[in-house]
Amino acid sequence: MPVSIIEKIEVKYLQIINEKGEADPDLIPSVSDDEITRFFETIILARTFNQRALSLQREGRIGTYASILGQEASQIGSALAFSDDDWLFPSFRESGVLVAKGYPMWMLYRYWAGDERGMKCPDNLNIFPMSVPVGTHVPHATGAAWAMKLKGHRKAAGVYFGDGGSSKGDFHEGLNFAGVFKAPVVFLCQNNQWAISVPRTSQTAAKTIAQKAYAHGFEGIQVDGNDAAAVYKATKDAVEKAKSGGGPTLIECFTYRLDDHTTSDDASRYRSKEEVEAWRAKEPLVRLRLFLEKKGRWTKEYEAGVVKKAEESVDSEIKKAEAFPPPDPADLIRYTYAELTPRQKKELKESGWGS
Amino acid sequence: MGKLNIVGAINSALSEEMERDKDVIVIGEDVGRDGGVFRVTEGLLAKFGPERIIDTPLSELGIIGAAVGLAAYGMKPVAEIQFMGFLYAGLEQIFSHAARIRSRSRGRFSVPMVIRTPYGIGIKPPELHSESSEALFCHMPGIKVVVPSTPYNAKGLLKSAIRDPDTVLFMEPSRLYRAIKADVPDGDYTVELGKAAIHQEGKDLTVVSWGTMLHRASEAAEGFDAEIIDLMTLKPFDEEAILTSVKKTGRLVIVHEAPRIGGFGAEVAALVAEEAIEYLKAPILRVAGPEAVVPMARLEDYYTPSLERIKKAYEKVMQY
Ligand SMILES: Cc1ncc(C[n+]2csc(CCOP(=O)(O)OP(=O)(O)O)c2C)c(N)n1
Ligand SMILES: [Mg+2]
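Here the protein sequences come in this chain order: L and S.
FYI, in the working numbering the residues of the first sequence are 1 to 355.
FYI, in the working numbering the residues of the second sequence are 1 to 320.
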C-alpha cells in the first residue's frame, strides 16, 4: 500500500496596513475610516493609561505593573471586534483590552495598587477578573462559550493569553474541548515574542502558534499584531463565525513587548537593544497616523487634541482612584462563600472587623 | 565563612551540590539567563552551562512531570516553581505520581527530586504570589516538606533535600530572601531533615513556628521566657523536640501564616493533645491566618498574624 497524505494544513498570515501606513487595496474596504480613527484614538488613550501606570509604580503609588507598550493594536483591534454582550477573559497584561471596552480606569489603578475591588467588573460589561496564573483561564472561555451555545444565545467568548501561555496544558485542553463541542470562542494569543526571559523559539518547536489550532480540528491564523486593522478584521470574522455556529478560531497576534516584562523585571539582562529598536520601528500607532494622514484625517493639532483629552481623562481617573476609601478588612473574609461559615463568623467577631 | 542572605545561601547550596554530583540539574522558568525571578540561580548558567541550568517552556505540570521521569531515570532535578501559587498547576504530578511511585512500584522506582518555590506574603505582588499552602503537601503521604528560616539552615537543608532519596518540597520564605544576612560556612555542611532546632531556649511556654512567622513569633516573645522551636521540616516533623519542650513548659502556642482551619498547626496541637495532655497548664493556642483567600497588598497586614495577636496568645496561655 503506498503511503498517502491524509491531512494537510496551511497557516495564513494577515496584514492590512503595513509599517508605512500603506493599505492592501483588496482588504482595506473591510475596515472603515471611522473604525481606524477609533483604533488610533483608543491606542492613545490606552498608552496614556499605561504610561501613567508606569510612573505611578515608580512613585510607589501602585504595585508591580505589566506594561502593554507595543501590543496595543493586538489588544484594541481585537477588543473592539466584540460586542458588550460577549464575554472576555483577559490575562494580567490586557489593560488595552479593558480600556477599549470602557472598563473604568480608576478601578484598574486601584487593582494594581493591591485592591481587589478594582476587579469587580461593572454590570454593563462581561469581563472576567484577569487571570494571574498564566494560560489557566483558556478553558473558562471555552466553558462560557459552550454555555452560550447550550442556552441558545447568539454570543461569543474571547480569551487572551501569551506565547508562554500556549505551553500550558490548560491551553491545549481548552482548545480541544472547544473543537469537540464547537464552542463559539475566539482564542487570542498575544505572541509578544517573550515570556519574561524565555524567547518564543524556546517556548515551542513549532513554527507558529496559530498552527496548533489544526491539531484540535479548527482554524488558526497569524496576524500582524501591530496592525490594528488586521487584528480587528480577523477577530470580527472569528466572532461572526462563532456566532453563526462555525465553532472556535485561534488568532495568533504577532507583536512585541517593548517594555520590561513587568516593573520588577529588567529585560536588558536577556535581550538586545537592537532587537527592541527594530520592533519599535514597527509599533502600532505610527502606521495608523500615516494612514489617516493620507486620508486627510490626521493633523498635528488633531493628535494633540486627542492626547490632551486622554491625559485629562486619565488624570481624573487617577484622582478618583486615589480618593477612594481603603477596603474594609472584613472584605478579606466576606466573599469566600455566599454565606459566612461558622468559623468565619467567629473570626470576624474576634477581629472586630466589619462591626 | 561569609555573610550571605537566603538567596545567596540557596545559590551556594545549588552550586556546591552541582559540583559534587553531576546528575544534579536545575530546571524551571527563567532560571537560566535571567537567574530566576528572585535571582536565586544567578551566575549558575555561566558556571554550569545550558545543559544543566535549563529554561523550560512555561508549564509547571510539564516541569514537575518531566522531573518525575528525569529523577526516576537517575538525574537529580531541582525544579524551580516561580511562586507557590503556580505549584497548583503541578499538583497532579506531585500527588498522583511523585508521591506514590516508590509505593506503586514497591521500591523499584523512586523520585529523588526537589521542588523549590517561594511562599508566603512578603513582596506586595499580584494575586497568587503569596500562598502558604504547606498543609496540603504535609497531608499527602510520600512528599517531604521543608521550610528554612535563616541563611544557615537554608543552605544546609537544601543540600540535605538534594541528597534525599525522595521528593522534597522546599518552601522558601519570600519575605526573608534578602531580609537577613548571617554567617554561612563556605564548605560542605548539611542540616538534617526531620529535626527541629531550638531557636531560643525558655522555661514557661513553647512556641512552634517555621519560615517567615518564626521571626515574628520570636519578636513577640520579648518579655516572655519562651522556648521557640523552629520546625524547619514539616514532613516528617520532629515530634520528640515538641513533646520534650512542652513537657518542660506546660504551654504551647503555634504560629503560622496559612489559614488556621486545617493548617499544619492542627497536627502539632493534636500530637500534644494525644501524647502530653497531662503536662498542659493551659489550652493549646494557634495564631494563624483566617479562612480567606490570601489577599493582595491592601489587606495583607490584616491577614498575617500580627505581633499583637501573637503576644495576646502568649499572655493568654500564661495567665490561664
Ligand atoms: C502558571 C504561572 N506560572 C508562572 C507565572 C509567572 N509568570 C508571570 S508572567 C510569565 C510569562 C508569561 O509569558 P506569556 O504567556 O508570553 O505572557 P506575557 O507576559 O509575555 O504577556 C510568567 C512565567 C505565572 N503568572 N503563572
Ligand atoms: Mg509573551
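Glycine included, C-beta positions come from ideal geometry on N, C-alpha and C.
Here the structure is a predicted model, which is why all the values come from computation and not from measurement.
| Item | Value |
| --- | --- |
| If you follow the alpha helix (DSSP H) that I63 (chain S) is in, where does it begin and where does it stop? | 60–73 |
| State the Cα-Cα distance for the pair I94 (chain S) and Q211 (chain L), rounded to the nearest angstrom. | 31 Å |
| Residues of the segment 167–188 of chain L in Cβ contact with chain S at a cutoff of 7 Å, in chain order, please. | S167, K168, G169 |
| Any idea which residues DSSP pairs G158 (chain L) with across the strands? | L:L88, L:V186 |
| Which word fits L250 (chain L), buried or exposed, when buried means at least 16 other C-beta atoms lie within 10 angstroms of its C-beta? | buried |
| I believe V114 (chain S) touches V68 (chain S) by the beta-carbon criterion, under 8 Å. Please report the beta-carbon distance rounded to the nearest angstrom. | Contact flag wrong, Cβ pair sits at about 12 Å. |
| Tell me, please, which residues DSSP counts as bridged to Y119 (chain S). | S:P173 |
| From E60 (chain S) to T208 (chain L), what distance separates their C-alpha atoms? | 22 Å |
| Identify every run of the alpha helix (DSSP H) within the segment 43–118 of chain L, keeping only runs that are complete inside it and at least 4 residues long; order them along the chain. | 72–79, 95–100, 105–112 |
| Which value, in whole angstroms, describes the spacing of the CA atoms of A147 (chain L) and K243 (chain L)? | 13 Å |
| For R154 (chain L), which residues in the same chain have their Cβ closer than 7 Å to its Cβ, ignoring the five residues on either side in sequence? | K243 |
| For S132 (chain S), which of helix, strand or coil comes out of DSSP? | coil |
| So which residues on chain S does F324 (chain L) lean against when the C-beta distance must stay under 7 Å? | What F324 (chain L) touches in chain S: nothing, since even the nearest Cβ is about 11 Å away. |
| In terms of residue numbering, what span does the beta strand (DSSP E) encompassing E80 (chain S) cover? | 76–80 |
| So is the beta-carbon of P290 (chain S) under 7 Å away from any non-hydrogen atom of ligand 1? | no |
| Considering only the beta carbon of each residue, do F237 (chain S) and L231 (chain S) sit closer than 8 Å? | yes |
| Please go through the same chain and pick out, in chain order, the residues whose beta-carbon is closer than 6 Å to the beta-carbon of A321 (chain L), but skip the five residues on each side of it. | W106, Y109, R110 |
| Quick check: is the beta carbon of D86 (chain L) nearer than 8 Å to any beta carbon in chain S? | no |
| Select from the segment 272–300 of chain S all residues with a C-beta closer than 9 Å to any C-beta belonging to chain L, and list them in chain order. | P290, E291, A292, V293, P295, M296, A297, R298, L299, E300 |
| Along chain L, which residues have their Cβ under 8 Å away from the Cβ of Y303 (chain S)? | L332 |
| Just mark F40 (chain L) as buried or exposed, buried being the case when its beta carbon has 16 or more other beta carbons within 10 Å. | buried |
| List the DSSP bridge partners of W194 (chain L). | L:P199 |
| Taking 7 Å as the cut-off, is the C-beta of W210 (chain S) nearer than that to any heavy atom in ligand 2? | no |
| Apply the 10 Å Cβ neighbour rule to V278 (chain L) and answer buried if 16 or more other Cβ atoms are within range, or exposed otherwise. | Here residue 278 (chain L) is Ala; the residue named in the question, Val, does not match the sequence. By the 10 Å Cβ count, A278 (chain L) comes out exposed. |
| Quick check: is the beta carbon of Y109 (chain L) nearer than 8 Å to any beta carbon in chain S? | no |
| Relative to chain L, which residues along the segment 84–105 of chain S have a C-beta separation below 9 Å, given in chain order? | G85, F86, Y88, A89 |
| Contact defined as beta carbons within less than 8 Å: I believe P284 (chain L) pairs with A73 (chain L). What is the distance between those atoms, to the nearest angstrom? | 4 Å |
| On the CB-based measure, 16 or more other CB atoms within 10 Å of its CB, does I16 (chain L) come out buried or exposed? | buried |
| Using only Cβ atoms and a threshold of 5 Å, which residues come within that distance of a heavy atom of ligand 3? Order them by chain position. | Looking for ligand 3 in the displayed structure turns up nothing; the ligands present are ligand 1 and ligand 2. |
| Counting contacts by CB-CB distance shorter than 8 Å, is I196 (chain L) in contact with chain S? | yes |
| Roughly how many angstroms lie between the CA atoms of E131 (chain S) and V294 (chain S), to the nearest whole one? | 7 Å |
| Run through the segment 249–319 of chain S for me and flag every whole beta strand (DSSP E) of 3 or more residues, listed as ranges in chain order. | 252–259, 285–289 |
| Measuring only between beta-carbons, confirm whether P125 (chain S) sits less than 8 Å from chain L. | yes |
| Is E239 (chain S) close to chain L, meaning its C-beta is less than 8 Å from at least one C-beta of that chain? | no |
| Counting only beta-carbon separations shorter than 8 Å, does L70 (chain S) have a partner in chain L? | no |
| How far does the alpha helix (DSSP H) with G169 (chain L) in it extend, from its first residue to its last? | 169–181 |
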